[in-house]
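Scroll down for the structure; my scribbles are underneath it.
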Amino acid sequence: MSRKMKNKVINNLQIERIAAEGKCVAHYEGKVVFVNNVAPGDVVDVRVTRGKNSFMEGEAIVFHELSKERVDPFCSHFGTCGGCKWQHINYELQKSYKRQQVIDQFTRIAKVDTPEVLPIIGSNKTQYYRNKLDFTFSNNRWLTREEINSGETFEKNALGFHIPKMFDKIIDIEHCYLQGGLSNEIRNKLRDFALKESLSFYDIRNQNGLLRNLIIRTTSIGETMVIVQFGEDNPNQIELVMQFLKHNFPSITSLLYIINLKKNETYHDLEVNTYQGKDYIEEEMEDLKFRIGPKSFYQTNSEQAYELYKVAREFAELTGEEIVYDLYTGTGTIANFVAKRAKSVIGIEYVEAAIEDAKLNSKVNGLDNTSFFAGDMKDILNDEFLNNHPKPDVIITDPPRAGMHEDVVNMLLRLEAPKIVYVSCNPATQARDLALLAEKYKIDIIQPVDMFPQTYHVENVVRLTLKS
Ligand SMILES: C[S@@+](CC[C@H](N)C(=O)[O-])C[C@H]1O[C@@H](n2cnc3c(N)ncnc32)[C@H](O)[C@@H]1O
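Here full-length UniProt numbering is used: the first residue of the sequence shown is 1, the next is one more, and so on.
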């Protein structure tokens with residue numbers, strides 16, 4: 001059946017609900033059909049793009065009825081850009097779908113007794129909430145169907161975002177609603193300047209071109225970091241670009257550049273040059289200051305990161321007497337955030353540079369009860385480590401999307417800390433890990449937090465207590 005279904009058009013399909021990863025679900029002849037860019041309540045004709053025995057995937061090609069749940073997308077790039085795919089769904093519903101995702105994953109995968117999932121903590125800002133954006137220069141601009149059909153000629157160079165699943169096509173962004181401050185102005189003026197000066201935009205297929213990548217980071221106290229990645233080591237042209245930014249945007253507090261002659265855009269292993277200002281920006285949370293270097297991770301929605309960390313700290317119920325482990329600590333933000341309410345905090349993280357930042361952030365904030373260790377969690381958190389460090393009273397764990405390695409889960413089961421606070425950006429892998437932890441732990445509270453409005457992503461915090 002699978003191959004025969006490909007390209008078949010299914011008429012008048014009623015879109016029913018939203019499933020994992022933001023795809024909408026419909027049914028056709030008893031099979032599930034996943035459809036992108038629609039809303040529950042839409043009635044559409046769908047062209048099947050992929051047919052498997054148990055499910056199909058398709059794209060809506062004709063809309064017969066539009067859902068009452070729809071709102072008008074605010075961004076002119078909606079539908080092409082992969083950034084804010086849920087703009088057509090009102091925010092109240094986005095929140096309820098996110099909470100439902102947690103319920104669905106916990107029911108389907110964890111299959112353990114759970115208390116009712118609390119209402120999601122929404123984001124006050126539903127636009128301009130990101131503190132970091134990463135734009136790519138390309139000589140291979142993505143043209144929409146309307147642009148192609150218009151017969152006009154368009155500029156081939158672009159500065160914007162990758163088209164989903166197309167590594168070599170970039171959508172040219174005129175206005176992005178994700179980041180406030182000077183972000184849109186810096187990007188647009190820099191692109192116009194580069195075009196005027198005939199500077200080359202990167203050619204990803206042939207791996208050449210001067211302008212490669214632009215990263216803009218902002219903080220709630222008004223600091224801005226701009227990093228330009230160059231694909232060619234051309235001192236005169238680099239100077240031209242950096243002078244332009246320096247003179248036109250004097251409020252940039254950290255103006256940096258990187259020469260990247262490698263095949264990929266990652267720069268963790270490259271030298272970062274400070275052109276003007278400091279080599280870091282600062283963020284504040286309560287009475288803490290966090291230094292964010294060009295290679296440091298920081299949660300991309302600062303205001304919601306604060307809400308998330310408050311939930312984690314509240315769930316930890318610290319009295320000042322506890323030994324806390326902060327697993328997957330990143331730059332130690334959670335560790336430093338809870339440190340004043342704990343006896344001591346041990347943070348563990350894979351990336352060595354992040355651990356250096358974590359230590360620096362403790363120092364900057366005068367915290368002397370934290371210690372940080374770099375390495376793979378499953379290797380660091382072993383018997384030798386536990387023989388040399390006090391056992392935890394509370395474990396806070398915030399793993400990447402893949403969740404925790406099974407060895408780490410097994411170690412947590414052996415450690416038997418009275419409380420575990422599990423922060424996750426992927427309820428599916430969180431549910432998988434909770435199913436294993438259920439051997440010794442019961443779930444007593446579940447709190448979703450929305451860090452990324454207009455997307456299907458949901459953050460979820462769970463507290464587990466050791467069964468007696
Ligand atoms: C979701 S982030 C959490 C960051 C931090 N808690 C925060 O709020 O800023 C997950 C972190 O886990 C780290 N990580 C990923 N795999 C790891 C592993 N196998 N061992 C240790 N750390 C790992 C990543 O480098 C990243 O910093």
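C-beta atoms are modelled at their ideal positions from N, C-alpha and C, and glycine is treated no differently.
Under the three-state DSSP convention, the category Gly277 falls into: strand
Just the C-alpha distance for Val9 and Val48, rounded to the nearest angstrom, thanks. 6 Å
Specify the secondary structure class of Asp444 as computed by DSSP and reduced to three states. strand
Hey, is Thr144's beta-carbon within less than 8 Å of any beta-carbon in chain B? The structure shown contains no chain B, having only a single protein chain.
With C-beta atoms as the reference, is Thr224 less than 8 Å away from Leu182? yes
Checking 8 Å against the spacing of the C-beta atoms, do Ile346 and Met377 come in under that value? no
Unbroken alpha helix (DSSP H) run spanning Lys378, endpoints: Met377 to Ile380
Exposed or buried, what is Met1 when buried is set at 16 or more other beta-carbons lying within 10 Å of its beta-carbon? Residue confidence for Met1 is low, a pLDDT of 45 falling below 50, so the modelled location carries little weight; the figure read from the coordinates is stated next. Exposed.
Can you tell me the Cα-Cα spacing of Tyr257 and Leu133, whole angstroms? 16 Å
Pull up the DSSP beta-bridge partners for Arg70, would you. Ile89
Residues bridged to Asp203 [DSSP beta-bridge criterion]: Asn208
Run the proximity test for Pro392: is its beta-carbon closer than 7 Å to any non-hydrogen atom belonging to ligand 1? no
Within the stretch 325-406, note down every full alpha helix (DSSP H) run reaching 4 residues or more, in order along the chain. 333-338, 352-364, 377-380 and 383-388
Going by Cα to Cα distance, which pick from Glu21, Leu245, Ile334 and Leu261 is closest to Leu288? Ile334
Report the rounded CA-to-CA distance for Pro119 versus Glu197, giving the unit in angstroms. 53 Å
C-alpha gap between Ala60 and Ala26, whole angstroms: 12 Å
Would Met166 be called buried (16 or more neighbouring beta carbons within 10 Å of its own) or exposed? exposed
7 Å CB neighbourhood of Asp168 in its chain, flanking five on each side removed: Asn140, Ile204 and Arg205
For Thr219, which residues of its own chain have a beta-carbon under 6 Å away from its beta-carbon, when the five flanking residues on both sides are left out? Ile281 and Glu283
C-alpha distance - Lys156 paired with Tyr202, whole-angstrom precision: 11 Å
Entirely within the stretch 242-327 and at least 3 residues each: give me those beta strand (DSSP E) ranges in chain order. 254-259, 273-277, 281-285, 288-292 and 323-327
What three-state label does DSSP hand Asn460 in the structure shown? strand
For Asn53, the first and last residue of its enclosing beta strand (DSSP E): Unbroken run through Asn53: none, as it is neither H nor E.
Output the distance between the C-alpha atoms of Val46 and Arg130, rounded to the nearest integer angstrom. 34 Å
What do you get for His162, buried or exposed, if any count of 16 or more other CB atoms within 10 angstroms of its CB means buried? buried
Is the CB-CB distance between Val112 and Arg99 below 8 Å? no
Can you tell me which residues form a DSSP beta bridge with Val46? Ile10 and Ala60
Counted within 10 angstroms of its Cβ, other Cβ atoms place Gly83 as buried (16 or more) or exposed: buried
Quick check on DSSP: helix, strand or coil for Glu65? strand
Report, in whole angstroms, the separation of the C-beta atoms of Tyr325 and Pro399, which I expect to be a contact under 8 Å. Rounded, the Cβ-Cβ distance is 13 Å, inconsistent with contact.
Please report how far the alpha carbon of Glu65 lies from the alpha carbon of Asn37, in whole angstroms. 14 Å
Phe372 Cβ short of 7 Å to ligand 1 heavy atom set: no
I'd like the list of long-range same chain contacts for Val409, defined as Cβ closer than 7 Å, with 5 residues on each side in sequence excluded. Asp433, Leu436 and Leu437
How many angstroms separate the CA atom of Ile216 from the CA atom of Leu178? 12 Å
According to DSSP, residues forming a beta bridge with Asp134: Ile215
Simplified DSSP state of Ile163, which is helix, strand or coil: strand
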